[in-house]
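The structure under discussion appears below in the form of structure tokens.
Numbering (the numbering used here), first residue to last: 476 to 733.
This is the structure in structure tokens:
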């Protein structure tokens, strides 16, 4: 009897062992489309939980990161039309409906996300819109790759995927006009820098699970490079940090759902 009880307790303790998606929906959607009204929509693709090597020799140390829960990433950078549908104003320097919104601070993005969550509360079905963590951003950008960019190491192909200093003519361009990465995300290299949730800080020296950066700092993380960046700056592992109150014509965002 004691032996059977021990076996039962052991089985209970191991429920979910080896699973990285415990407590998630049974059949989560591959895509989510949010209707912002007036024909304006935001599309997201599911990014499955998993492991990857984060960082590189210039953004050291490279270390293994495990993300234990699926999330959904906006397929494009947030556009000016999408921003206006929520905020009723457009702060951008380069104006155009399908251009990425820019000249937005991290704090502006937080206000946008607060209003977005209020606007589409029911369609989110318990999910919350936010900025991606730095780890989520790099994982989604890499799309399973271990190379310099999501498509490989050949810089001659960068122009097929990115707006950067060699082809942008010093301005932003309509989102989604270059090739997507393997997971269906556009403009993860170039066009505008994308704010992340984390404070900027040194990486952990070892493996990490669902990292969220330091508890405090003076700058917030940015990823992806922009239209004025050298190609090397647009690589998957590159990172930058800026004052969360700072607005600049090269900085925008991409929304994540959790």
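Ideal placement from N, C-alpha and C gives every residue a C-beta, glycine not left out. Model, not experiment: these values are computed from the prediction.
Quick one: using the 10 Å Cβ neighbour count with 16 as the cut-off for buried, is residue 604 buried or exposed?
Here residue 604 refers to the residue found at position 129 when the chain shown is read from its first residue. Buried, by the Cβ-count rule.
As an exercise, report each continuous alpha helix (DSSP H) stretch of at least 4 residues that is fully enclosed by the region 643 to 671, in chain order.
Qualifying alpha helix (DSSP H) stretches: none in this window.
State the DSSP-derived secondary structure class of residue 613, mapped to helix, strand or coil.
For this step, residue 613 is matched to residue 138 along the chain shown. Helix.
Within 8 Å, do at least three Cβ pairs link the region 717 to 727 to the region 579 to 591?
Short answer: they touch.
Under DSSP, the alpha helix (DSSP H) around residue 579 begins and ends at which residues?
Start at 1 with the first residue of the chain shown, and residue 579 comes out as number 104. It is not in any alpha helix (DSSP H) - residue 579 carries neither H nor E in the DSSP assignment.
Buried or exposed: residue 702, going by 16 or more other Cβ atoms within 10 Å of its Cβ?
As a first step, residue 702 is located in the chain shown; it is residue number 227 there, counting from the start. Under this definition residue 702 is a buried residue.
Is the distance from the Cβ of residue 646 to the Cβ of residue 569 below 7 Å?
Reading the chain shown from its first residue, position 171 is the one you call residue 646. Reading the chain shown from its first residue, position 94 is the one you call residue 569. Cβ distance < 7 Å, so residue 646 and residue 569 count as in contact.
For residue 477, is the classification buried or exposed, using 16 other Cβ atoms within 10 angstroms of its Cβ as the cut-off for buried?
Here residue 477 refers to the residue found at position 2 when the chain shown is read from its first residue. In this prediction, residue 477 scores a pLDDT of 37, lower than 50, which makes its location untrustworthy; no coordinate-derived value is stated.
So, using beta-carbon positions, are residue 663 and residue 656 closer together than 7 Å?
Position 188 of the chain shown, counting from 1, holds the residue named residue 663. Position 181 of the chain shown, counting from 1, holds the residue named residue 656. Yes. Within cutoff.
Is the region 556 to 565 close to the region 587 to 599, with three or more CB pairs under 8 Å?
These segments touch.
My output table needs one value for residue 728: the three-state DSSP class, helix, strand or coil.
Reading the chain shown from its first residue, position 253 is the one you call residue 728. Coil at residue 728, not helix or strand.
Is the distance from the Cβ of residue 708 to the Cβ of residue 716 below 7 Å?
Indexing the chain shown from 1 puts residue 708 at position 233. Indexing the chain shown from 1 puts residue 716 at position 241. No.
Taking the CB atoms as reference points, tell me whether residue 521 and residue 505 lie closer together than 7 Å.
By one-based count along the chain shown, residue 521 stands at place 46. By one-based count along the chain shown, residue 505 stands at place 30. Closer than 7 Å, so yes.
Just to check my reading of the structure: residue 634 and residue 642 have Cβ atoms closer than 8 Å, yes? What is that Cβ distance to the nearest angstrom?
In the chain shown, counting from the first residue as 1, residue 634 sits at position 159. In the chain shown, counting from the first residue as 1, residue 642 sits at position 167. Contact holds; Cβ gap of about 5 Å.
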